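Engineer: Just dropping this structure here.
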Amino acid sequence: MNPRRFAAEFLGTALLVMSVVGSGIMAQNLTSDVALQLLANAIATGGALFGLITIFGPISGASFNPVVTVVGHFLDGKSSVSSVVSDIVGQFCGAVVGCVIANVMFAHPFIEESMKIRDGGPTWFSEVVATVGLLLIIWGGTHARANVAALVAAWITGAYWFTSSTSIANPAVGFGRMFSDSFAGIAPQSWPMFALMQIIGGIVGFALITTLWPSKGNE
Numbered sequence: 001m002n003p004r005r006f007a008a009e010f011l012g013t014a015l016l017v018m019s020v021v022g023s024g025i026m027a028q029n030l031t032s033d034v035a036l037q038l039l040a041n042a043i044a045t046g047g048a049l050f051g052l053i054t055i056f057g058p059i060s061g062a063s064f065n066p067v068v069t070v071v072g073h074f075l076d077g078k079s080s081v082s083s084v085v086s087d088i089v090g091q092f093c094g095a096v097v098g099c100v101i102a103n104v105m106f107a108h109p110f111i112e113e114s115m116k117i118r119d120g121g122p123t124w125f126s127e128v129v130a131t132v133g134l135l136l137i138i139w140g141g142t143h144a145r146a147n148v149a150a151l152v153a154a155w156i157t158g159a160y161w162f163t164s165s166t167s168i169a170n171p172a173v174g175f176g177r178m179f180s181d182s183f184a185g186i187a188p189q190s191w192p193m194f195a196l197m198q199i200i201g202g203i204v205g206f207a208l209i210t211t212l213w214p215s216k217g218n219e
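Residue numbers (the numbering used here): 1 to 219.
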């Protein structure tokens with residue numbers, strides 16, 4: 001295990017979840033308008049993503065997302081199985097710690113169970129779409145030599161609004177959000193189906209990426 005890489009994925013995911021949950025709680029405290037709550041949540045998340053990907057990218061790739069980590073492993077083959085496992089452990093642990101930090105900052109219980117049910121076919125399908133889009137943005141941006149941090153931040157900010165699930169698109173972040181009974185929370189009984197849909201999105205995204213951006217030997 002590379003300690004620097006583990007620390008980057010742990011800290012990056014923790015700070016990301018802290019921004020998601022913290023901004024959700026702050027929005028609830030300031031207004032009862034759900035549209036304004038979503039806007040505040042989206043802007044805070046997008047801003048955090050831009051900064052976190054920029055600073056942690058050179059250390060670990062700044063996946064902060066098990067699906068992105070695994071798809072990246074199969075696409076580039078540069079990361080070992082042990083580093084993939086280390087990244088994923090760091091992401092899940094960081095997600096929980098980030099949620100706890102947000103809870104503490106807003107005088108909530110350290111750990112609380114979210115009561116926010118998120119289910120239904122359209123919502124689940126939305127998570128497939130959100131995850132596929134995220135993967136295309138990352139790999140398309142990389143091949144275009146664009147600023148991937150800005151592209152991901154823009155995609156997630158927009159996807160908060162045009163997906164019915166508000167684009168969680170990340171099993172680790174979704175897991176962490178189970179421990180906040182707030183605007184940004186997700187009930188424990190809703191998380192498994194979200195994670196499954198995100199994995200399916202990862203498979204579809206992998207197929208599209210290998211078709212659109214094949215390796216040189218397969219072009």
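Note that the Cβ used here is the ideal one computed from N, Cα and C, for glycine as well. The structure presented is a predicted model; accordingly, all values stated were derived computationally and were not measured.
May I ask you to report which of helix, strand or coil DSSP gives R4?
Structural biologist: Residue 4 sits at position 4 when you count from the first residue of the sequence shown. In the structure shown, R4 sits in a helix (DSSP, three-state: H, G or I).
Engineer: Measuring alpha carbon to alpha carbon, tell me which of G77, V81, G46 ends up nearest L151.
Structural biologist: Taking the first residue of the sequence shown as position 1, residue 151 is located at position 151. Comparing Cα positions, the closest option is G46.
Engineer: Suppose the cutoff is 7 angstroms on Cβ atoms and the five residues either side in sequence are ignored; what does the same chain contact list for V71 look like?
Structural biologist: Here residue 71 corresponds to residue number 71 of the sequence shown, with the count starting at 1. Closer than 7 angstroms at Cβ, skipping near neighbours: L135, G202, G205, F206.
Engineer: Exposed or buried, what is V90 when buried is set at 16 or more other beta-carbons lying within 10 Å of its beta-carbon?
Structural biologist: Here residue 90 corresponds to residue number 90 of the sequence shown, with the count starting at 1. Position check: residue 90 holds Gly in this sequence, whereas Val was assumed. By the 10 Å Cβ count, G90 comes out buried.
Engineer: Between the beta-carbon of I186 and the beta-carbon of S114, is there less than 9 angstroms?
Structural biologist: As a first step, residue 186 is located in the sequence shown; it is residue number 186 there, counting from the start. As a first step, residue 114 is located in the sequence shown; it is residue number 114 there, counting from the start. Yes, the Cβ-Cβ distance between I186 and S114 is below 9 angstroms.
Engineer: For E112, does the three-state DSSP call read helix, strand or coil?
Structural biologist: The count along the sequence shown starts at 1 and reaches residue 112 at position 112. In this structure, E112 counts as coil in the three-state DSSP scheme.
Engineer: Whose C-beta lies closer than 6 angstroms to the C-beta of G94 among residues of the same chain, with five residues either side of it excluded?
Structural biologist: The residue given as residue 94 occupies position 94 in the sequence shown. Taken in chain order, the residues that qualify are F10, T13, A14.
Engineer: Would you mind reading off the limits of the alpha helix (DSSP H) that contains D76?
Structural biologist: Here residue 76 is taken as the residue at index 76 of the sequence shown, counted from 1. Counting along the chain, the alpha helix (DSSP H) containing D76 begins and ends at 66-76.
Engineer: Taking the C-alpha atoms as reference points, what is the distance between F110 and S180?
Structural biologist: The count along the sequence shown starts at 1 and reaches residue 110 at position 110. The count along the sequence shown starts at 1 and reaches residue 180 at position 180. Going by the C-alpha atoms only, they are around 9 angstroms apart.
Engineer: Taking C-beta to C-beta, are A130 and S165 nearer than 9 angstroms?
Structural biologist: For the purposes of this step, residue 130 is taken as residue 130 along the sequence shown, with counting starting at 1. For the purposes of this step, residue 165 is taken as residue 165 along the sequence shown, with counting starting at 1. In contact: A130 and S165 (Cβ atoms closer than 9 angstroms).
Engineer: Taking the CB atoms as reference points, tell me whether S86 and R5 lie closer together than 9 angstroms.
Structural biologist: Counting from one through the sequence shown, the residue named residue 86 turns up at place 86. Counting from one through the sequence shown, the residue named residue 5 turns up at place 5. Taking 9 angstroms as the Cβ cut-off, S86 and R5 qualify as a contacting pair.
Engineer: Does the region 20-32 come within contact of the region 40-60, defined as at least 3 CB pairs closer than 8 angstroms?
Structural biologist: Yes, since at least three Cβ pairs between the region 20-32 and the region 40-60 fall closer than 8 angstroms, the two stretches touch.
Engineer: Within 10 angstroms of the Cβ of L36, are there 16 or more other Cβ atoms? Answer buried if so, exposed if not.
Structural biologist: Translated into positions along the sequence shown, residue 36 becomes position 36. With fewer than 16 Cβ atoms within 10 Å of its Cβ, L36 is classed as exposed.
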